[in-house]
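Novice: Have a look at this one before I ask anything.
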Amino acid sequence: MIHNYKRAIQDIRDHRFLNAVTIITIAISILIVSAFALFFVNANEIINSWKKGIKIMVYLKPDTPETKISELIRKIQHMDGIRDVRFISKNEAFQELKKQMKRQSSLFENLKENPLPDAFEIRLKISFQNQEKVEILATRLESFPQVDEVEYGQRWLGQFTNFFNLFRLTGYAMGGLFFMAALLIVANTIRLVLYSRRDEVEIMRLVGATDSFIKAPFYIQGLIQGAFGGIIGLAALFVGFLLLSSSMERGISPGLFTIRFLSPGAFCGIILGSTFVGWIACYLSLKQFFK
Amino acid sequence: MIDGQNKSSIIRLFHVHKNYGAKKALANITLDISKNELLFISGPSGAGKTTLLKLLYLGEEVSEGQVLIEGINLSRISHNRIPFLRRKFGIIFQDYKLIPTKTVFNNVAIVLEATGKKRRFIEKKVKSILRTVGMEETLHSLPPSLSGGEQQRIAFARAVVGDPKIILADEPTGNLDEVSADIILELLKRFHTRGATVIIATHDKELIRKTGGRVIHLNQGYMQKTINV
Ligand SMILES: Nc1ncnc2c1ncn2[C@@H]1O[C@H](COP(=O)(O)OP(=O)(O)OP(=O)(O)O)[C@@H](O)[C@H]1O
Ligand SMILES: [Mg+2]
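Protein chains in written order, with numbering that gives the first Met the number 0: chain A, 0 to 290; chain B, 0 to 228.
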């Protein structure tokens, strides 16, 4: 094993150029894929913070008896996707409204009675926060006889979420594509390395080396190239991130968004992924070469 | 099949033919080589000397006939046993086959690394064999920076560093001046005395005369005569 490591390091030294090309190829692919990842992580964050605001308002018919109300609360609470239900009595709502409209208090003076209905404010579980599911829920809520009207604003958010999901799908596809491209390019580079060293491989075989002995340093090189490519790619991304976030802070209103870098978990995941790319590319080209 | 196998035969060829496409390189070679024999294969250029050696270590496969090494039939050997077959041989290739990007030390050491020897052992053994061939100064040189004769001595060092049972030497003195050639010859004889079977392919009559042993003469792929010098 120590031998193999030494041979791998020696090999990298002896073939600096091709190794550098391989590492740079991996680094660029990782840069592109992880830039996508970074974008989605941040976009997701922002959307989730907006989504917290998604709620359904259910307005009840006037003079719904209290017993019916508590029965309704129980029923709604047992429906799928409901996080919590808050009952807002018409008095509560009226006080709230008055508070919000202090300046126009004269408006309320002429009112003989409270015109507002009793209502439920319903918040949804994360997994139910999309257009379709909200619509289904709303229809079901409307079907209760005591319910007068169901309102769920922010239709645009739903649509935006759908659009974003489509975008994310494209992102996954692009990520997958770049992964494949990196794999093929690296496999090809390693094939090139193998091809340039076919005489050497042949000589090693003639002096009694087994195929696994010959392959071992290539595998180690593949792992090293993958890991280094990943680290360099992420380092480049981090530099880009610092430049971008500092210019954003100076530019658009500070504090509106805080963009974050990838989590340590994602960071490790990407490096593991790129190490895997190096290894699998090696595996593929060796398999073909030693056929 | 081959029967009545001679116990002391380490190599047996039985009606061996070798064609490269339409070109006949060897025809109907039957030959027994005993353990610890010193054998010369002579003949003009293109006679098939190198080809004959290649058939022994599976550098090429026979077109017809059988080759047995220590009783193992090479046409039946499985792919993953080939490296172990080759470890029986120490081969000085006619074109040396040194790895140009590896240092002299690493070129020689690879034989021992491939068999999983310990680093310290390798270090000692390689240095000692390079001293023996007078090349200890070139440890860190790359083969292309050495003269033909120097490369040949490195090739010799690599061939014998693993203490092989059989040494195949293809024109081992082809590039050497008389003094260096004599040194190599002495070394081959020394390994022979220690028990190795040594097979030397050469067209150098002088070398054969100086050494003595069985000589088989090839011409255009046919074994013409066997003489003992
Ligand atoms: N790989 C090959 N493909 C086709 N023909 C070959 C191949 N190797 C050898 N030959 C032919 O086989 C014949 C025998 O070649 P071989 O190399 O065995 O000769 P040799 O006796 O070693 O000659 P020399 O003394 O020049 O080394 C020659 O005619 C050569 O052209
Ligand atoms: Mg020859």
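Each residue gets a CB set at the ideal place from its N, CA and C atoms; glycine is no exception.
Does the beta-carbon of Glu136 (chain B) have 16 or more other beta-carbons within 10 angstroms, so that it is buried, or is it exposed?
Specialist: exposed
Novice: What residues in its chain sit with their C-beta under 6 Å from that of His139 (chain B), if we drop five residues either side in the sequence?
Specialist: Thr102
Novice: May I ask you to check if the CB of Asp203 (chain B) is nearer than 7 Å to at least one heavy atom of ligand 2?
Specialist: no
Novice: Kindly list the residues whose CB is nearer than 8 Å to the CB of Phe39 (chain A), restricted to its own chain and excluding five residues on each side of it in sequence; keep chain order.
Specialist: Arg167, Gly170
Novice: Please decide whether Gly147 (chain B) counts as near chain A, where near means a Cβ-Cβ distance under 8 Å.
Specialist: no
Novice: Quick check: Leu38 (chain B) and Ile198 (chain B), are their CB atoms within less than 8 Å of each other?
Specialist: yes
Novice: May I ask you to check if the CB of Ala24 (chain B) is nearer than 7 Å to at least one heavy atom of ligand 1?
Specialist: yes
Novice: Taking C-beta pairs closer than 9 Å, name the residues in chain A that Lys96 (chain B) reaches, listed in chain order.
Specialist: Going along chain A in sequence order, the residues near Lys96 (chain B) (Cβ under 9 Å) are Asp198, Glu201, Ile202, Leu205, Val206.
Novice: Are the stretch 41-49 of chain B and the stretch 147-159 of chain B in contact at 8 Å, needing three or more beta carbon pairs?
Specialist: no
Novice: What residues are listed by DSSP as bridge partners for Met56 (chain A)?
Specialist: For Met56 (chain A), which the question treats as bridged, DSSP gives the partners A:Glu120, A:Glu150.
Novice: For Gly254 (chain A) and chain B, any beta-carbon pair shorter than 8 Å?
Specialist: Only weak support is given to the placement of Gly254 (chain A): the predicted model assigns it a pLDDT of 49, under 50, and the value that follows is read from those uncertain coordinates. False, the Cβ-Cβ gap to chain B never drops below 8 Å.
Novice: Strictly under 8 Å for the Cβ-Cβ distance: is Gly3 (chain B) near chain A by that measure?
Specialist: Note on Gly3 (chain B): pLDDT 45, under 50, position unreliable in the model; the coordinate value appears next. Chain A contact via Cβ: absent.
Novice: Run the proximity test for Ala200 (chain B): is its beta-carbon closer than 7 Å to any non-hydrogen atom belonging to ligand 2?
Specialist: yes
Novice: Quick check on DSSP: helix, strand or coil for Val15 (chain B)?
Specialist: strand
Novice: According to DSSP, which residues form a beta bridge with Arg213 (chain B)?
Specialist: B:Leu38, B:Asn227
Novice: Would you check whether ligand 2 has a heavy atom nearer than 7 Å to the C-beta of Gln93 (chain B)?
Specialist: For Gln93 (chain B), the Cβ falls inside the 7 Å cut-off from some heavy atom of ligand 2.
Novice: Please classify Glu36 (chain B): is it buried, with 16 or more other beta-carbons within 10 angstroms of its beta-carbon, or exposed?
Specialist: buried
Novice: State the Cα-Cα distance for the pair Gln151 (chain B) and Val110 (chain B), rounded to the nearest angstrom.
Specialist: 16 Å
Novice: Note down the Cα distance separating Pro64 (chain A) from Ile45 (chain A), rounded to an integer number of angstroms.
Specialist: Pro64 (chain A) and Ile45 (chain A): Cα-Cα distance of roughly 41 Å.
Novice: Between Pro171 (chain B) and Val206 (chain A), what straight-line distance do the alpha-carbon atoms span, to the nearest angstrom?
Specialist: Rounded to whole angstroms, Pro171 (chain B) to Val206 (chain A) spans 17 Å at the Cα level.
Novice: Cβ of Gly212 (chain B) within 8 Å of Cβ of Leu175 (chain B)?
Specialist: no
Novice: Could you check what DSSP says for Arg82 (chain A) in three-state terms: helix, strand or coil?
Specialist: Arg82 (chain A): strand per DSSP, three-state reduction.
Novice: Could you tell me if Gly20 (chain B) is buried or exposed, where buried requires 16 or more neighbouring beta carbons within 10 angstroms of its beta carbon?
Specialist: exposed
Novice: For Gly89 (chain B), write down the residues that DSSP places opposite it in a beta bridge.
Specialist: Residue pairing by DSSP puts Gly89 (chain B) in a beta bridge opposite B:Ile166.
Novice: Does DSSP put Ser146 (chain B) in a helix, in a strand, or in coil?
Specialist: coil
Novice: Compute the minimum distance between the beta carbon of Thr49 (chain B) and the heavy atoms of ligand 2, and state whether it is under 7 Å.
Specialist: yes
Novice: So, for Leu141 (chain B): in the same chain, excluding its five sequence neighbours on each side, which residues have a beta-carbon less than 8 Å away from its beta-carbon?
Specialist: Pro99, Thr100, Lys101, Thr102, Val103
Novice: With a cut-off of 8 Å, do at least 3 Cβ pairs link the stretch 177-197 of chain B to the stretch 116-127 of chain B?
Specialist: no
Novice: Using a Cβ-Cβ cut-off of 6 Å (strictly less than) and excluding sequence neighbours within five positions of Leu11 (chain B), which residues of its own chain qualify?
Specialist: The question names Leu, yet the displayed sequence has Arg at residue 11 (chain B). Hits under 6 Å: Asp31, Leu67.
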